[in-house]
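A quick write-up on the structure given underneath.
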């Protein structure tokens, strides 16, 4: 379950029924992206880090699986993300 201080938010061109940005308080930590050419989903983790090399990027089988995986990742890394 997603910790209470994390919340989903829509940014960019995301439809409001598919929020694509996971925030810890007001800091974005995850963003879900959808490719324009083939419609596949991928996720950027640790998006709060300024160094692109410290971010992780993973393909997702669907929006729902990407969102679920992002929530599990946030739960596992919540102590580090809060620091």
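Residue numbers (my numbering): 334 to 416. Cβ coordinates follow ideal geometry from the N, Cα and C atoms, glycine included. Predicted model only: the values in this text are computed from it and were never measured.
Three-state secondary structure assigned by DSSP to residue 357:
strand
Measuring CB to CB, does residue 404 end up less than 7 Å from residue 357?
no
Give me the Cβ distance between residue 355 and residue 339, rounded to the nearest whole Å; I'm assuming they're in contact under 8 Å.
6 Å
Classify residue 389 as buried or exposed, calling it buried when 16 or more other Cβ atoms lie within 10 Å of its own Cβ.
exposed
Within the continuous alpha helix (DSSP H) that includes residue 406, where are the two ends?
396 to 409
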